[in-house]
Amino acid sequence: MELLKDTALFKQASFVNGAWLSAESFFSVTNPATGKVIAEIADAGVVEAELAIQAAKNAFNTWSSLSANERGSILRRWFELIILHQEDLARLLTLEQGKPLAEAKGEISYGASFIDWFAEEGKRAYGDVIPMPSADKRLVTIKQAVGVVAAITPWNFPHAMIARKAAAALAAGCTFVVRPASQTPLSALAMAELAQRAGVPDGVFNVVVGTAARAIGKVLTEHPDVAKFTFTGSTAVGKALISQCAGTVKKVSMELGGNAPFIIFDDADLDAAVQGAIVSKYRNAGQTCVCANRIFVQEKVARAFTDKFVKAVAALKVGDGLAQDTQIGPLISPQAVTDVDSLVNSSLQGGAELLLGGERHAAGEYFYQPTVVAKVTQDMPLAQEEIFGPVSPVITFKDEAEVLAMANDTDYGLAAYFYARDIGRIWRVAEGLEFGMVGINEGIISNAAAPFGGIKQSGNGREGSRYGLEDYMEIKYLCFGGLDK
Ligand code: NAP
12 MELLKDTALF KQASFVNGAW LSAESFFSVT NPATGKVIAE IADAGVVEAE
62 LAIQAAKNAF NTWSSLSANE RGSILRRWFE LIILHQEDLA RLLTLEQGKP
112 LAEAKGEISY GASFIDWFAE EGKRAYGDVI PMPSADKRLV TIKQAVGVVA
162 AITPWNFPHA MIARKAAAAL AAGCTFVVRP ASQTPLSALA MAELAQRAGV
212 PDGVFNVVVG TAARAIGKVL TEHPDVAKFT FTGSTAVGKA LISQCAGTVK
262 KVSMELGGNA PFIIFDDADL DAAVQGAIVS KYRNAGQTCV CANRIFVQEK
312 VARAFTDKFV KAVAALKVGD GLAQDTQIGP LISPQAVTDV DSLVNSSLQG
362 GAELLLGGER HAAGEYFYQP TVVAKVTQDM PLAQEEIFGP VSPVITFKDE
412 AEVLAMANDT DYGLAAYFYA RDIGRIWRVA EGLEFGMVGI NEGIISNAAA
462 PFGGIKQSGN GREGSRYGLE DYMEIKYLCF GGLDK
């Protein structure tokens with residue numbers, strides 16, 4: 012960790028109630044670019060998860076009783092410290108996750124922007140005064156923090172997926188326990204160090220890192236002192252966790268998997284569409300929940316688009332995320348490479364046509380070549396499943412009705428994108444797509460001011476925006492009677 016300016020950001024233990032906990036056993040964190048071990052983390056389990064919930068419960072009354080301005084000032088200091096240490100945090104992120112350093116810096120400022128946003132938004136948790144139904148009554152609503160929030164987050168955005176949840180929860184007055192993915196705990200622990208420096212009181216922000224995903228998950232979802240559970244990860248795990256929350260009727264929000272259509276109509280600006288498809292698909296080596304998973308091109312422009320697109324993909328530089336010019340880093344594990352390769356092969360065996368790539372990359376066992384596959388059909392695994400790798404399946408279509416039917420033919424409903432110029436078509440397609448977020452002539456859509464979230468089996472609830480706070484607050488109705496006496 013000699014690469015860091017501030018080596019105190021490198022932590023290897025859970026952070027509970029303001030203290031770093033030791034453990035009897037340790038687990039390794041690996042740099043996916045090199046396969047080398049970069050950290051040995053104290054392996055926390057059920058006991059530490061319970062301690063964290065107890066600490067969050069103890070801290071709740073004091074934290075939720077602060078004014079929104081006081082909480083906002085502390086959150087603002089946390090945001091400023093994250094930005095001050097952006098370089099170090101980005102290095103840690105690239106080391107444990109693999110994405111190119113420029114993308115890692117982008118993730119840190121993206122995550123921090125939610126802390127900045129909710130530091131302000133917490134001040135606007137307004138209630139209502141409801142017009143009286145009878146002369147002797149006045150009706151009022153107030154909003155109150157739900158209580159202790161537990162979270163589980165994935166490895167693909169180790170900083171931002173925590174920041175998006177914790178910022179809203181803390182601003183609302185909740186206290187927070189997070190279990191980050193065991194492949195990428197370092198970013199979460201560095202956030203805890205900076206939260207403490209910012210003045211976040213002990214017990215308000217806790218991080219439990221351990222390999223016992225199921226056992227810790229059971230505590231976080233079933234503990235009676237947890238009022239709300241929030242998860243970002245795969246739909247399969249999300250479904251299991253929702254059912255675990257049923258026993259204590261927790262408030263639940265889910266940010267799950269996606270199968271985003273990226274549609275290019277024949278009136279689109281093709282160069283803009285190529286650029287949009289590149290950033291949407293190949294960012295983080297294709298390991299994002301909102302990335303283009305199926306590229307639909309209208310027949311008339313299919314050839315022209317594909318030629319330009321293949322040329323742009325072929326120019327992407329693959330390598331270690333810490334190298335200056337890298338645009339595509341490693342996948343998270345050798346198993347992920349095997350999974351992507353088998354998705355590509357099964358589609359090729361089914362009649363798809365390989366235009367570029369299609370093999371493991373010479374950079375090492377964590378790397379896969381940027382790939383484009385044409386003549387994909389809707390029933391092939393490449394179109395049905397979340398690819399989570401640098402592979403673009405291209406599907407051609409005749410008209411609006413056909414592409415809308417194909418785009419919506421999925422259990423997922425997170426993000427969708429399309430490129431077109433005709434205003435009537437833009438409205439029809441925007442309204443017809445069954446997805447929670449739609450990029451129109453735009454391949455990157457997420458920001459702190461906008462509501463991030465999916466429909467169908469991509470989840471429920473929204474993160475960011477003015478709606479993001481509501482997931483962490485309850486509405487309480489107050490009825491004042493006897494006022495005519
Ligand atoms: P995952 O397997 O569902 O894991 C996500 C998290 O859940 C990790 O922390 C994992 O821990 C933990 N976990 C796994 N099984 C568990 C269980 N039975 N009980 C409790 N916790 C459990 O997902 P992933 O493969 O890491 O992440 C990729 C998925 O996340 C994709 O589907 C992607 O679309 C989705 N995602 C969605 C969004 C969104 O905002 N909608 C954003 C990012 C990612 P370990 O890693 O330690 O096993």
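Per the working numbering, the very first residue in the sequence shown carries number 12; after that it's consecutive.
From the three backbone atoms N, C-alpha and C, an ideal C-beta is built for every residue, glycine too.
Taking 7 Å as the cut-off, is the C-beta of residue i nearer than that to any heavy atom in the ligand NAP?
i	result
residue 349	no
residue 224	yes
residue 125	no
residue 169	no
residue 448	no
residue 397	yes
residue 192	yes
residue 244	yes
residue 186	no
residue 172	yes
residue 469	yes
residue 165	yes
residue 251	yes
residue 268	yes
residue 425	yes
residue 300	yes
residue 248	yes
residue 361	no
residue 465	yes
residue 214	no
residue 228	yes
Spell out the partners DSSP gives residue i in its beta bridges.
i	result
residue 430	275
residue 471	265
residue 12	DSSP, once it has assigned bridges, lists no residue as partnering residue 12.
residue 490	150
residue 51	39
residue 139	152
residue 8	No answer is possible for residue 8: the residues shown for the chain start at 12 and end at 496.
residue 484	156
residue 31	26
residue 309	408
residue 329	339
residue 237	159
residue 242	163 and 265
With 16 other CB atoms within 10 Å as the buried threshold, where does residue i fall?
i	result
residue 50	buried
residue 491	exposed
residue 47	exposed
residue 476	buried
residue 343	buried
residue 295	buried
residue 142	exposed
residue 137	exposed
residue 58	exposed
residue 13	exposed
residue 207	buried
residue 489	exposed
residue 78	exposed
residue 407	buried
residue 435	exposed
residue 127	buried
residue 486	exposed
residue 231	buried
residue 131	exposed
Less than 8 Å between the C-beta atoms of residue i and residue j, yes or no?
i	j	result
residue 300	residue 292	no
residue 109	residue 44	yes
residue 236	residue 68	yes
residue 123	residue 168	no
residue 383	residue 367	yes
residue 34	residue 54	yes
residue 387	residue 363	yes
residue 422	residue 468	yes
residue 466	residue 447	yes
residue 218	residue 227	no
residue 297	residue 399	yes
residue 27	residue 70	no
residue 290	residue 85	no
residue 274	residue 157	no
Just list the alpha helix (DSSP H) runs in the stretch 188 to 227, keeping only unbroken ones of 4 residues or longer that don't cross its boundaries, in chain order.
-> 197 to 209
Please go through the stretch 263 to 306 and give each complete beta strand (DSSP E) segment of 3 or more residues, from N-terminal end onward.
-> 271 to 275
Along the chain, which unbroken stretches of the alpha helix (DSSP H) at least 4 residues long are found entirely within the stretch 354 to 434?
-> 392 to 395 and 411 to 419
Enumerated in chain order, which unbroken segments of the alpha helix (DSSP H) with a length of 4 residues or greater are wholly contained in the stretch 67 to 98?
-> 79 to 95
Taking only runs that begin and end inside the stretch 156 to 184, name each unbroken beta strand (DSSP E) of 3 or more residues, in chain order.
-> 159 to 163
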